[in-house]
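> The structure under discussion is supplied below as structure tokens; questions concerning it will follow.
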Amino acid sequence: MGMATTTRAIKPQAVIDLHDRCMSLNYPRYPVVMERGQGSRLYDSNGKEYLDLFAGFGAGLLGHCHPDLVNAVTDQAKKLWHAGNLLHTDPQTRLAEAISRHGFGGRSFFCHSGADANEAAFKLARLYGQTLPGPAGPRYKIISTTGSFHGRSFGTMVATGQTTVRKGFEPLLTGFEQVPYNDLDAMAEAIDDETVAVIVEPIQGEGGVNIPSAGYLPGLRTLCDEHDMLLICDEVWTGCGRTGKYFAYQHWAIEPDIMTLAKGVGGGLPVGVMCASPRVAELYDCRKQGVVKHATTLGGNCLSMAAAAKLFDVLERDDLVAHALEMGARAVERLRESARQTPAIKRVRGVGLFIGIELAPGTEGSTLEPAWFENAKEVVDRCMERGVLINSTQGDVLRLAPPLTISQDDLDQGIDVIEQVITGQ
Ligand SMILES: Cc1ncc(COP(=O)(O)O)c(C=O)c1O
19 MGMATTTRAI KPQAVIDLHD RCMSLNYPRY PVVMERGQGS RLYDSNGKEY
69 LDLFAGFGAG LLGHCHPDLV NAVTDQAKKL WHAGNLLHTD PQTRLAEAIS
119 RHGFGGRSFF CHSGADANEA AFKLARLYGQ TLPGPAGPRY KIISTTGSFH
169 GRSFGTMVAT GQTTVRKGFE PLLTGFEQVP YNDLDAMAEA IDDETVAVIV
219 EPIQGEGGVN IPSAGYLPGL RTLCDEHDML LICDEVWTGC GRTGKYFAYQ
269 HWAIEPDIMT LAKGVGGGLP VGVMCASPRV AELYDCRKQG VVKHATTLGG
319 NCLSMAAAAK LFDVLERDDL VAHALEMGAR AVERLRESAR QTPAIKRVRG
369 VGLFIGIELA PGTEGSTLEP AWFENAKEVV DRCMERGVLI NSTQGDVLRL
419 APPLTISQDD LDQGIDVIEQ VITGQ
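In our numbering, the protein residues as written are 19 to 443.
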């Protein structure tokens, strides 16, 4: 006899009231309760449909409730959730193998978030600095770039090149410095005897979808080689096919020493990855070091790993990385064509399905009028009213990061709405 299932109708106001009464109010949320998702679509508790061109900060890499991920997680849920990292489990190793094969042959440490992954990278870099000290002792300084975002933990917020993130949390962890993004001379200048690593987003995400010039990443690689420093690529936004390559550093034909992943890698489940080249990963090798240098209890838990391992299977099987490249190129071309005719659009940046539209409110003929337009969030809000979810960053940049599974029709339909809002239609 089957069990009766009861579905409780969600009362949006009750959810919002409970949130307001019992939850930490960290996030400026819309007064909408999302109830379910399917593919590129979300549905709120009133049944309103949204085309999701942001996928929850890019984490829904394969869209909502992808059937293969649902099956992988459901099957795993019936077998084993968590065994602890003193024991081997199969899903972890499958994911590690996929990352290694598609990347640079590195070894993966699993955790829960981008901040977590970057912390693991910073600690590893400090160990590296101990093994190769400078004249003044162990090297420990890590250089990052202005406009970057690496997380909100104590280490990552000081690596983040946006001062508002760390304001109020002093005294801060020392050993971090920022130089302007896309400026190799500034980077070269900042390196001293105590510098051990550079952390960089191959394409800056929170900073406004900023794509560096062709020589930047290769130049950083050379600088790191010359100074025996580690190049850490923060691929939390850009990893796993988002930009039309498995990992964004591959656009520049270089390899990092360490790569960090989160957001999309879990397909919506919490997964962070710190993947290091074997030479560097040795410093976390408990067989060689004789001690555990870094760990986290639930890192690599079976459910998250089953989803992430399956996500790579689907990327491969459905050729979604090439799809992202192609769809993104078409969307950027279309948006650039619009920009030529629309004074309200200043610039369009994008690689694969990671796209930024920089608005130009003050320009002559701009339809972004002071009567309604304060910043790009106003456009985001209007798109949401019309059932299209996008995001904004840095005040004047709209961000699109749709699922890699999105169809041409859906993407076109979403861009139609964005263009209508921008042009005041
Ligand atoms: C490039 C980058 N690195 C790290 C992080 C931090 O990731 P998480 O929010 O999972 O801690 C973010 C978050 O936006 C990010 O964009």
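Yeah, the Cβ is synthetic: ideal placement off N, Cα and C, and Gly gets one too.
Owing to the predicted nature of the structure, the values given are computational and were not obtained by experimental measurement.
Please confirm whether alanine 135 and alanine 280 have their CB atoms less than 8 Å apart.
Against a cut-off of 8 Å, the Cβ pair of alanine 280 and alanine 135 comes out as a contact.
> Does the count of Cβ pairs from the segment 137 to 156 and the segment 223 to 239 closer than 8 Å reach three?
As far as the Cβ criterion goes, the segment 137 to 156 does not touch the segment 223 to 239, which means the pair count is below three.
> Given a threshold of 16 other Cβ atoms within 10 Å of its Cβ, counted over all protein chains shown, does valine 309 qualify as buried or as exposed?
Its Cβ having fewer than 16 others within 10 Å, valine 309 is exposed.
> The beta strand (DSSP E) that contains asparagine 409, what's its start and end?
409 to 411 is the extent of the beta strand (DSSP E) around asparagine 409.
> Please report the residue range of the beta strand (DSSP E) in which isoleucine 117 lies.
Segment 108 to 120 is the alpha helix (DSSP H) holding isoleucine 117; no beta strand (DSSP E) there.
> I think glycine 132 touches glycine 169, with their Cβ atoms under 8 Å apart; what is that distance to the nearest whole Å?
That belief holds up - the Cβ atoms of glycine 132 and glycine 169 are roughly 5 Å apart, short of 8 Å.
> Does at least one heavy atom of ligand 1 sit under 7 Å from the Cβ of alanine 271?
No, since every heavy atom of ligand 1 falls outside the 7 Å radius drawn around the Cβ of alanine 271.
> Looking at the structure shown, is glycine 152 part of a helix, part of a strand, or coil, going by DSSP?
It is a strand residue.
> Give the DSSP bridge partners of aspartate 399, in chain order.
DSSP output for aspartate 399 lists no bridge partner at all.
> Quick test of the definition: if touching needs 3 or more C-beta pairs under 8 Å, does the segment 299 to 316 touch the segment 324 to 333?
The segment 299 to 316, when compared against the segment 324 to 333, does not touch it at the 8 Å Cβ threshold.
> For ligand 1, any of its heavy atoms closer than 7 Å to the Cβ of leucine 176?
For the record, residue 176 in the displayed sequence is valine; it is not leucine. False, no ligand heavy atom lies under 7 Å from that Cβ.
> My guess is that leucine 490 and leucine 71 are in contact by the Cβ rule of under 8 Å, so how many angstroms apart are they, rounded?
This structure cannot settle anything about residue 490, because the visible part of the chain is limited to 19 through 443.
> Note down the Cα distance separating threonine 314 from glutamate 437, rounded to an integer number of angstroms.
About 45 Å.
> What are the complete beta strand (DSSP E) segments, minimum 3 residues, inside the segment 246 to 327?
Entirely contained in the segment 246 to 327, the beta strand (DSSP E) runs reaching 3 residues are, in chain order, 248 to 252, 276 to 279, 290 to 294.
> Cβ-heavy atom distance between glycine 257 and ligand 1 below 7 Å?
No, the Cβ of glycine 257 stays beyond 7 Å of every heavy atom of ligand 1.
> With burial defined as no fewer than 16 other Cβ atoms inside 10 Å of the residue's Cβ, what is the status of methionine 41: buried or exposed?
With fewer than 16 Cβ atoms within 10 Å of its Cβ, methionine 41 is classed as exposed.
> At a cut-off of 7 Å, is asparagine 409 close to ligand 1 when judged by its beta-carbon and the heavy atoms of the ligand?
Asparagine 409 Cβ: outside cutoff for every heavy atom of ligand 1.
> Can you tell me where the beta strand (DSSP E) holding glutamine 443 begins and where it ends?
Where glutamine 443 is concerned, there is no enclosing beta strand (DSSP E), given that its DSSP letter is neither H nor E.
> How is leucine 71 classed by DSSP in three states: helix, strand or coil?
Coil.
> Is it the case that the segment 153 to 160 contacts the segment 193 to 210, given that we only count it when at least three CB pairs across the two stretches are under 8 Å?
Cβ pair count under 8 Å is three or more, so yes.
> Going straight from the alpha carbon of valine 50 to that of glycine 173, what length do you get?
Spanning the two alpha carbons is a distance of roughly 34 Å.
> My output table needs one value for isoleucine 433: the three-state DSSP class, helix, strand or coil.
Helix at isoleucine 433.
> Taking 7 Å as the cut-off, is the C-beta of valine 254 nearer than that to any heavy atom in ligand 1?
At least one heavy atom of ligand 1 is nearer than 7 Å to the Cβ of valine 254, so yes.
> Should tryptophan 255 be labelled buried (16 or more other beta-carbon atoms within 10 Å of its own) or exposed?
When all chains shown are included, tryptophan 255 counts as buried.
> If you draw a straight line from the C-alpha of methionine 247 to the C-alpha of leucine 87, how long is it?
So the alpha carbons of these two residues sit roughly 38 Å apart.
> In whole angstroms, give me the CA-to-CA distance for serine 171 and isoleucine 160.
In a straight line, the C-alpha of serine 171 is about 15 Å away from that of isoleucine 160.
> For my contact list, methionine 205 and valine 197 are in at a C-beta cut-off of 8 Å; report their separation, rounded to the angstrom.
Right, the Cβ-Cβ distance comes to about 5 Å (below 8 Å), so this counts as a contact.
> Tell me which residue opens and which closes the beta strand (DSSP E) that isoleucine 373 is part of.
First-last of the beta strand (DSSP E) with isoleucine 373: 372 to 377.
> Any chance the segment 316 to 325 sits against the segment 333 to 353, with 3 or more Cβ pairs inside 8 Å?
They do not touch, by the three-pair rule.
> Rounded to whole angstroms, what is the Cα-Cα separation between valine 298 and aspartate 275?
Near 7 Å, if we compare the C-alpha coordinates of aspartate 275 and valine 298.
> Just grab the DSSP bridge partners of lysine 159 for me.
According to DSSP, which records beta bridges pairwise, lysine 159 is partnered with Thr213.
> Could you compute how far the alpha carbon of alanine 394 sits from the alpha carbon of threonine 182?
Going by the C-alpha atoms only, they are around 19 Å apart.
> Secondary structure at valine 91, three-state DSSP: helix, strand or coil?
Helix, per DSSP.
> Exposed or buried, leucine 36, counting other C-beta atoms within 10 Å across all chains shown (16 or more means buried)?
Leucine 36 is exposed by the Cβ-count criterion.
> Beta-carbon within less than 6 Å of glycine 81's beta-carbon, same chain only, minus the 5 sequence neighbours each way: which residues are those?
Taken in chain order, the residues that qualify are Gly57, Ser58, Pro421, Thr423.
> At what residues does the alpha helix (DSSP H) containing glutamate 53 begin and finish?
Taken as a continuous stretch (DSSP letters only), glutamate 53 belongs to no alpha helix (DSSP H), being part of the beta strand (DSSP E) at 52 to 56.
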